[in-house]
Ligand SMILES: Nc1ncnc2c1ncn2[C@@H]1O[C@H](COP(=O)(O)OP(=O)(O)O)[C@@H](O)[C@H]1O
Ligand SMILES: [Mg+2]
């Protein structure tokens, strides 16, 4: 699904990623853990195509295409989805209008017809149930006045609507209480299939009780310094990250 | 990534020269410049009655004693009034003869704006079958209006057919002496629209010049007068969202609205005149005086979406004379490249319990300057007057400017005045968020900007709102920096 090789990237002349390797296959869930400032969000941003970062070395193969050669919107249209750590508000633009625009742009890129309004609304209904998103929230402006938990839930709702090949969840668990965590995780698990993959970025192993990863990676100082099975997360919880340095 | 409005307009200009449209000088044109003889000529050509000529001459003499205003936050070279042709018979030959002659890029822009093919043809003045069709539509409209006693005709026709009404109401809200451009307009106005809604009649359709059967003689110095008699209602649409190119550098229109006791007038404008090219060359100077008078319990709402013109100088205002009257002003003003806009409103509270609302959304891109200028004036006897103003500015680049000049004059201590203002830069984070969902930058800007203007766009009549939304997106293409 995605193969990252020797990725180096910097911002304002400061190197943040220093030779990162990672491969995720279809049907897998990978967790990336690591201390604050390790470069986890940076990795997510670079994969999504944020222009502030400069990739100085390395390559990323995304299901057969050279990801780094594509602009941000085409990466999304190829099936890459990022659930943001801090989702922004877009006042005055309803969630449904936003999603319909996105969905149709993606469909157009893939040479598909625009989605009929009826089918779209049925889809909104079905997918909002998945994350127990209040029907009212779907018609409200994108993230405007949403609580922290609602914003995160809305990210997963959007993910459900856009049906990506690869979803990267950046600290989707932060700021969620136990109930919300369960709802969000159920949503992610329900969307899991043999044809898609998920990268879960998190601080806490508690999320991994709900979304069970096939692999756990530790990102430290711009590199993956350790990879292990899901039990590695427990070990990290106990011992912290210092022993890996 | 597509072309801009400016390039399109520039193309159009070249196109016109290519076909030599501008070389045909109508024999009906007056010589350049302005003097009493020219005014007599205009009046004669239009076969006007003596009183109209006297009105024009009086206005001209007043204009001669006035100075061009300099207080607005705009700078442009003052027009040379002796170099302008003040009377020109409508030129049909500037229009494309057949649909195939119409610039394909213009067609594409109109498609982008979602303007129907029929409408596009009408705007370009082609397609005989459609013109026929629109005449029949217009005729049935006219019949319907006539049944209700509504008068809706060109200003010239009104001068001849309804002289009593014109003499009674013309200049009753915007006196000839009001300002330099209003005086000039009064002296030389070309044509415009007159509209009268009788007592208690609710006009069942949006009135727009589109459905006026007479030729669309708008031109440089347009004059509009709308009178809603007691308890009457009408909604009037001015302008159109298709790119409008005009040779005339200077536009000085006057619009007067009169809402008698308990009447209501909604006046909506979409202005998309040629804004000049990317380097600030050319473009229309849009120097307009718009004002409405509210009698007891009456209401006037101005809604405007301004995206065109090199220079905009425009303050649609309400005189809230009658007790319990209401004035509203909803505005979106977009400036790009080197455009300059100084626009806002004046709410003059004279009657008791009068209420006004001002919502202004300024969007500046490129190196443009965008100013809101508003005056809320509460007179001595205006007990319990209330005003709420909200002026928001959105910046698309670091090089543009947004300015807010709110003035308040309050002579009554029971008045309640609230003013809110915000300035924000379009968020890169917002755009990135949209891009990450697969939305193109162009569409993302459209979404964000339309969201930002929603309160104003919601006030436009439905069909108009959809077109205005697209227009905003097209005007701001490639504008984030
Ligand atoms: N715009 C920026 N300019 C300079 N340094 C930055 C910028 N953005 C992030 N960084 C730095 O990059 C490093 C990695 O940040 P980030 O990817 O957000 O870490 P994580 O998500 O793992 O907590 C940090 O040291 C952070 O300070
Ligand atoms: Mg982070």
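Protein chains in written order, with our numbering: chain C, 1 to 245; chain W, 246 to 726.
C-beta: ideal position from N, C-alpha, C; glycine also.
Closest by C-alpha distance to residue 616 of chain W, out of W:724, W:390 and W:559, is W:559.
When Cβ-Cβ separations below 8 Å define contact, residue 677 of chain W makes contact with chain C.
For the pair residue 694 of chain W and residue 717 of chain W, the Cα-to-Cα distance works out to about 8 Å. Counting along the chain, no beta strand (DSSP E) covers residue 40 of chain C; the unbroken alpha helix (DSSP H) around it starts and ends at 40 to 48. With a beta-carbon spacing of about 7 Å, residue 570 of chain W and residue 541 of chain W fall inside the 8 Å limit used to define contacts. Spanning the alpha carbons of residue 606 of chain W and residue 94 of chain C requires a straight line of approximately 19 Å. The Cβ atoms of residue 626 of chain W and residue 662 of chain W lie no closer than 8 Å to each other. Distance from the C-beta of residue 660 of chain W to the nearest heavy atom of ligand 1 is not below 7 Å. For residue 426 of chain W, the enclosing alpha helix (DSSP H) starts and ends at 425 to 433.
Counting only the Cα atoms, residue 75 of chain C lies some 14 Å from residue 163 of chain C. Distances between the C-beta of residue 173 of chain C and the heavy atoms of ligand 1 are all 7 Å or more.
Taking non-hydrogen atoms of ligand 2 into account, the C-beta of residue 674 of chain W is found less than 7 Å away from none of them. Under the DSSP assignment, residue 558 of chain W falls in the beta strand (DSSP E) whose first and last residues are 556 to 559. Contacts with chain W (Cβ-Cβ distance below 9 Å) from the segment 159 to 174 of chain C involve 162, listed in chain order.
Taking 8 Å as the threshold, the shortest C-beta distance from residue 72 of chain C to chain W falls below it. Apart from sequence neighbours up to five positions away, the residues of its chain that approach residue 477 of chain W with a beta-carbon distance below 6 Å are 442, 446 and 508, ordered along the chain.
Only buried fits residue 436 of chain W, as 16 or more other CB atoms lie within 10 angstroms of its CB.
Interface annotation for the segment 207 to 240 of chain C against chain W: empty, criterion Cβ-Cβ distance under 8 Å. Contact between the segment 107 to 117 of chain C and the segment 138 to 150 of chain C is absent, with fewer than three C-beta pairs closer than 8 Å.
Between residue 279 of chain W and residue 327 of chain W, the C-beta gap is smaller than 8 Å, which places the two residues in contact.
The CB of residue 699 of chain W comes closer than 7 Å to the CB of 92 in chain C, given here in chain order. Between residue 42 of chain C and residue 8 of chain C, the C-beta spacing is not below 8 Å. In this structure, residue 701 of chain W places its C-beta atom within 8 Å of the C-beta atom of residue 604 of chain W.
Runs of the beta strand (DSSP E) lying entirely within the segment 65 to 121 of chain C, each at least 3 residues long, are 80 to 83 and 90 to 94 in chain order. The beta carbons of residue 91 of chain C and residue 144 of chain C sit closer together than 8 Å. Within the chosen limit of 7 Å, ligand 2 does not reach the beta carbon of residue 151 of chain C with any heavy atom. At least one CB atom of chain C sits nearer than 8 Å to the CB of residue 683 of chain W.
Of all residues in the segment 7 to 30 of chain C, none places a beta-carbon less than 9 Å from a beta-carbon of chain W. Contact between residue 581 of chain W and residue 720 of chain W holds: CB atoms are separated by about 6 Å, below the 8 Å threshold.
Against residue 141 of chain C, the close residues of chain W are 696 and 699, in the order they occur along the chain (beta-carbon pairs closer than 9 Å). The Cβ atoms of residue 439 of chain W and residue 466 of chain W do not sit closer than 8 Å to each other. Excluding its 5 nearest sequence neighbours in each direction, residue 211 of chain C has C-beta neighbours in its own chain below 7 Å: 29, 185, 188, 189 and 200, listed in chain order.
Under the DSSP definition of a beta bridge, residue 397 of chain W partners with W:440.
By alpha-carbon distance to residue 551 of chain W, the top candidate from W:589, W:597 and W:651 is W:589. Contact of residue 688 of chain W with chain C is assigned, a C-beta pair being separated by under 8 Å.
Linking residue 646 of chain W to residue 179 of chain C through their CA atoms gives a straight-line distance of about 48 Å.
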